[in-house]
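2 protein chains.
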Amino acid sequence: SSIEAQIQAASGDSSASRDAFRQAVVNTLERRLFYIPSFKIYRGVAGLYDYGPPGCAVKSNVLAFWRQHFVLEENMLEVDCPCVTPEVVLKASGHVDKFTDLMVKDEKTGTCYRADHLLKDYCKEKLEKDLSMTAEKAADLKHVLAMLDDLTAEQLGAKIKEYGITAPDTKNPLSDPYPFNLMFQTSIGPSGISPGYMRPETAQGIFVNFKDLYYYNGNKLPFAAAQIGQAFRNEVIAPRQGLLRVREFTLAEIEHFVDPQDKSHPKFSEVANLEFLMFPRELQMSGQSARKLQIGEAVFKGIVNNETLGYFIGRVYLFLTELGIDKQRLRFRQHLANEMAHYAADCWDAEIESSYGWIECVGIADRSAYDLRAHSDKSGVSLVAQEKYSEPREVEKLNVAPVKKELGLAFKGNQKIVVEALEALDEKEAMEMKAALELKGEVEFLVCNLGKTVTIKKSMVSISKEKKKEHQRVFTPSVIEPSFGIGRIIYCLYEHSFYTRPSKTSDEQLNVFRFPPRVAPIKCTVFPLVQNEQYENVAKLISKSLTVAGVSHKIDITGTSIGKRYARTDELGVPFAITVDKTTSVTIRDRDSKNQVRVDVEKVASVVKEVTDGLKTWADILNEYEIHTSESADD
Amino acid sequence: SSIEAQIQAASGDSSASRDAFRQAVVNTLERRLFYIPSFKIYRGVAGLYDYGPPGCAVKSNVLAFWRQHFVLEENMLEVDCPCVTPEVVLKASGHVDKFTDLMVKDEKTGTCYRADHLLKDYCKEKLEKDLSMTAEKAADLKHVLAMLDDLTAEQLGAKIKEYGITAPDTKNPLSDPYPFNLMFQTSIGPSGISPGYMRPETAQGIFVNFKDLYYYNGNKLPFAAAQIGQAFRNEVIAPRQGLLRVREFTLAEIEHFVDPQDKSHPKFSEVANLEFLMFPRELQMSGQSARKLQIGEAVFKGIVNNETLGYFIGRVYLFLTELGIDKQRLRFRQHLANEMAHYAADCWDAEIESSYGWIECVGIADRSAYDLRAHSDKSGVSLVAQEKYSEPREVEKLNVAPVKKELGLAFKGNQKIVVEALEALDEKEAMEMKAALELKGEVEFLVCNLGKTVTIKKSMVSISKEKKKEHQRVFTPSVIEPSFGIGRIIYCLYEHSFYTRPSKTSDEQLNVFRFPPRVAPIKCTVFPLVQNEQYENVAKLISKSLTVAGVSHKIDITGTSIGKRYARTDELGVPFAITVDKTTSVTIRDRDSKNQVRVDVEKVASVVKEVTDGLKTWADILNEYEIHTSESADD
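Top line first, the protein sequences correspond to chains A and B. If you number the first sequence the way my numbering does, the last residue is 621 and the count never jumps. If you number the second sequence the way my numbering does, the last residue is 621 and the count never jumps.
As structure tokens, then:
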């Protein structure tokens, strides 16, 4: 399971080499301004990062591809809602009451820690370092690790006491665990009496607009709405969680609304043959590893709940791998029963392996009708869909009619509660009561909201089944939600794209990001081989033709050696470099193979465009043009 | 001035017709989901709006063009910083202390109002409706209107008392004016002791990164950084301010860093001949109107402070008019002395005329070195640039050396304050002190931080001028800041693009948005003339070829009349409609002229692409293809 992987990652040599690898990636990213710790001149704020120029370009490219791959190709309705959200919305969604972490406080300094993290760290360290531990004790610690997400505040507190865990920095005693809400709270308007929060996800903005969006879609299901935007979580940031645990991040979310009675997907056949690493619940429970499965088969066998969920799993797989995520280090892990909300029908996370272990980057959940029902209930506006029958259908409808007068005489002030309990009977319960009343004239009936049983007499309620003609079916749609943590995907992409290679001219290792052209912050660089006006003019001419062709690029006319200039551009992940070494033709160099071809000045822009747009591969270019070999032209 | 225009707009017939026009636009925008009041099912929150599907597409198109026009064409460094901002940053920028509005409270209900708005409304209403007013009284009210932005809390309070202004809704008495900070406050981290705010602008994120960005740019000036993102202001929202006064909005900001001694711009000649409505300070002060000026001339005559500021004014003009803003209703208004911050060298607003009057949509300010200095001072990190001299220069440097021992004996605990005051002397003051000390042996010296004058003796300080060789000049760059309110620009664009035309088949007026293709949410629609499988297949074929060509489009295969389908697509501002009325060729209809041409099925995608990409005009298409006339084909 994921915990095993983490324990393994945190132990021995493997951990040290992972740390070194991560340090190399992060150093490069920060030095080249892919990232900047926010507000650095003020010593920064934990969990907040800026995207500098190349990072910002990569992010825009990833979002543009997301829009292309999901919004445009699937005809989704994109919306853009505010981050500031009034309390009532997040009360309805459950975030005000339940979006909490259990915290403990250093009783002397007031520093806060996540209770589960302290317990986890304690267990892991013991298991790694205490070689004299009994098998019984080890089993206990492993059990705690496995149950971590299920522990209540009381249980967490008891374990912390039992193990004698203290504050990591000061060894001071810790408070009992208490819930801390992760939303940033604020106040809307000048009166100070309207609480609001910065949204912790973008989904709620879509749910509250369901009615308008359904209408916009011609009152037809299924349809999907999508939103890209900032989300905010006031997390506790432990040191060295780096770019993976942040307090503000970009989410891209899809809410696909579907008839709960028909979760088939018209385009499922387009993904059904895809095969990739899946990690179903059963494999996790029985201690096995993820294995390759065909998504079509997984849906057919019922491992994945339905076609629409399966379709999105397939589309997410295509999205991530086309961005450059390594197929071998990507898996879809099904949530265990204890991880899933009670209303969810099924849930799979796209997890990507990085130096931190397997990281959840996309969640794909069938949330059933939960969200729309919650907002219907709270707002009083019914968020439903209709299916019009082509001809009216005869249906048997249960009719439970409490006789309020009789009930009032019998139950006085409790009358209303008993009436509601009777009206809430489902078909089976109601028909059983009817049978019992006819047999015995009265029946004992448990009213939960009264916390006791009352006696219902035959005169107090009439229960019948009636035949009715129905012209339409009214129902609350199910929601299937793929939710993408864009920052995490980008970070994993950086790790999967990074490699080093020796320099020819010095002892150092040179850094390279092997971004596909679609992701690369700049598609090509142009440099004159030597500083000279003629070559610079050719470079400027090429730059203009690249601008016309819409290829983003940069000119580097510094006098630095060509090797150093290649190294600079490789470190930014620029896929192609054009070197002006003649006035009529120039060379194009491929970043990863370092192969070069010679191309006429007039043709160079269109060649680079074809290969960055994916119309041709580099192999095609090698076939078509003269291969250039030069000792001096590389490092 | 702008107040005159607003008074005029608010009076008589013109106001009624403006209101009706606005209502027609806003109704269309809301019905077609360009906008949705946020959290509508919960009765909404004043000042928060969602962009629905077509609005979201328009916004993305506007931002994509902004990136193209500014970031790419000018090689700007784009960054992306968080919205959550720690207090220290906004303390340094002045927002914590000064980003306030003066408010008054209804003393019974607690409802809050902007003090200046109540006073403005009172004056305007009196001037319009009280026909018996004396000339003297009228002059007084006009004076108050003109001075509104300069009034202190006390003066505002006094005027409110003098005029007997009460709460508009209840007629209850009002509190004295008090400052209310417009930032949304929150708390960062679980301890509750680190205050933070949602950023009120994106600029600070760039300023704090100056050092890294300057390095990234090869330690060269000038360069510009840019950021697109959300900003938050907890405004008081009066009814009917609609889409112009909102609490969360998208800003696009540029910070162009330049040597204060050289504010020329290498590309100024490219805009110098542009001529448009400008409204310099002098014209406003002397009660004249805006007039057409050439930007080159305005810079040459010193009306606009410098070339770089002038260059950006020209670029903003091009940006707005290419989006579809009407040239006749766009002007650049210079800030009056009392509108401008004390440190600003010059400031111009791009104002767009809408049904609300002239609206500030872009601010273009030369903020001098203020922002970088403020963050240097607060953080202790020096945010400066260097100019390396080609050969060392000899300069005379003032040297003020307080003799700390003597000062300590004389001033004890105040020694440090006196030392600082001496070190802060400018050249003129220091040379005067030197002369006085040499003449009289002592001098009286006002130390502001002590609030009194002290006696400085000759032994306490040595003042001299020294010749030094300098190899470089170190200075704080000036910042020229064009700042775009994207939501306001889009709203004005909607008003400028909207018109109605009579329906041929009914009495109603049909709504049209004349968006240029670059802005239109969808570039074309495809409909079969009648419902029939053959035509539908042709429509699907065309749809596929449009997808390959990258033209966003929609198919409408409903059985609605062709006239109604044209009306629907016109109301979304879709520039071209393709009607399938044969299997070999189809018609393309231009939204505004309603002219149609007949084009072969295989050619239609490339024709639409050429005209939406701006490679050809509709006139070119009319020349090249057979003009189609049909009675039935339009409403």
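Cβ coordinates follow ideal geometry from the N, Cα and C atoms, glycine included.
- Using a C-beta cut-off of 8 Å, the region 471 to 481 of chain B makes no contact with the region 426 to 438 of chain B, since fewer than three inter-stretch Cβ pairs fall below that distance.
- Assigned with DSSP and collapsed to three states, B:Leu432 falls in strand.
- Shown here for B:Ser489: same chain residues with a beta carbon closer than 8 Å to its own, the five before and five after excluded, namely Gln495, Leu496, Gly549, Ala553 and Asp621 in chain order.
- As the crow flies, the alpha-carbon of B:Cys347 is around 27 Å from that of B:Glu111.
- In summary, the residues of the region 184 to 203 of chain A whose CB is separated from some CB of chain B by less than 8 Å are Met184, Gly191, Val194, Asn195, Lys197, Asp198, Leu199 and Tyr202, in the order they occur in the chain.
- By the criterion of a C-beta distance shorter than 8 Å, A:Ser571 is surrounded in its chain by Arg584, Val585, Asp586 and Val587, once the five residues flanking it on both sides are discounted.
- Chain order gives no chain A residues near B:Ser79, where near means a beta carbon separation below 8 Å; the closest approach is about 12 Å.
- The shortest CA-to-CA distance from A:Ile338 to any of A:Gln320, A:Ala355 and A:Asp312 is the one to A:Asp312.
- For B:Leu34, a Cβ of chain A is located within less than 7 Å of the residue's own Cβ.
- Here DSSP, grouped into helix, strand and coil, assigns B:Thr97 to coil.
- Within chain A, no C-beta atom comes nearer than 8 Å to that of B:Pro165; the closest sits roughly 11 Å away.
- If the five residues before and after B:Ala101 are omitted, its C-beta is found closer than 7 Å to the C-beta atoms of Leu88, Met89, Val90, Leu142, Ile146 and Pro163, all from its own chain and listed in chain order.
- DSSP places B:Tyr183 inside the beta strand (DSSP E), whose first and last residues are Pro181 to Met184.
- Chain order gives the chain B residues near A:Phe218 as Val70, where near means a beta carbon separation below 7 Å.
- The Cβ-Cβ distance between A:Trp334 and A:Phe318 falls below 7 Å.
- According to DSSP, A:Val594 shares a beta bridge with no other residue.
- By the neighbour-count criterion, in which 16 or more other beta carbons inside 10 Å mark a residue as buried, A:Thr138 falls on the exposed side.
- Among the residues of chain A, those whose CB is under 7 Å from the CB of B:Pro39 are Leu63, Glu64, Val65 and Tyr202, following chain order.
- Among the residues of the region 354 to 372 of chain A, those with a Cβ less than 9 Å away from any Cβ of chain B are His361, Ser362, Lys364, Ser365, Gly366, Val367 and Leu369, in the order of the chain.
- With its beta carbon at least 7 Å from every one in chain A, B:Thr462 lies outside the interface.
- As a beta-bridge residue in DSSP terms, A:Asn497 pairs with A:Thr486.
- Fewer than three Cβ pairs drawn from the region 185 to 202 of chain A and the region 38 to 53 of chain A lie within less than 8 Å of each other, which leaves the two stretches out of contact.
- For B:Ile22, the closest Cβ of chain A is nearer than 7 Å.
- In terms of CA proximity to A:Asp556, A:Lys509 leads the group A:Ile449, A:Met419, A:Asn518 and A:Lys509.
- In this structure, A:Pro181 lies away from B:Val31, with their beta-carbon atoms at least 7 Å apart.
- For the region 254 to 273 of chain A, the beta-carbon criterion of a distance under 8 Å to any beta-carbon of chain B is satisfied by none of its residues.
- The straight-line gap separating the alpha-carbon atoms of B:Asp578 and A:Tyr485 is approximately 55 Å.
- With a threshold of 16 other beta carbon atoms within 10 Å, A:Ser24 meets it and is buried.
- Between B:Met419 and B:Val429, the C-beta gap is smaller than 7 Å, which places the two residues in contact.
- Proximity of chain B to A:Tyr28 at the Cβ level (cut-off 9 Å) is accounted for by Pro72, Val74, Val75, Ala78, Val194, His361, Lys364, Ser365 and Val367, in chain order.
- A contact between stretches requires three or more CB pairs, one per stretch, nearer than 8 Å, and the region 246 to 264 of chain A fails this requirement with the region 226 to 233 of chain A.
- In the structure shown, B:Leu63 adopts extended strand secondary structure according to DSSP, grouped into three states.
- Contact between A:Lys451 and A:Glu380 is ruled out by a C-beta separation of about 12 Å, above the 8 Å threshold.
- Residues of chain A whose Cβ lies closer than 8 Å to the Cβ of B:Pro388 do not exist; the shortest such Cβ separation is about 30 Å.
- Our two residues, B:Gly191 and A:Ile22, have alpha carbons roughly 11 Å apart in a direct line.
- Restricting attention to alpha helix (DSSP H) runs no shorter than 4 residues, the region 500 to 539 of chain B encloses them at 519 to 535, ordered along the chain.
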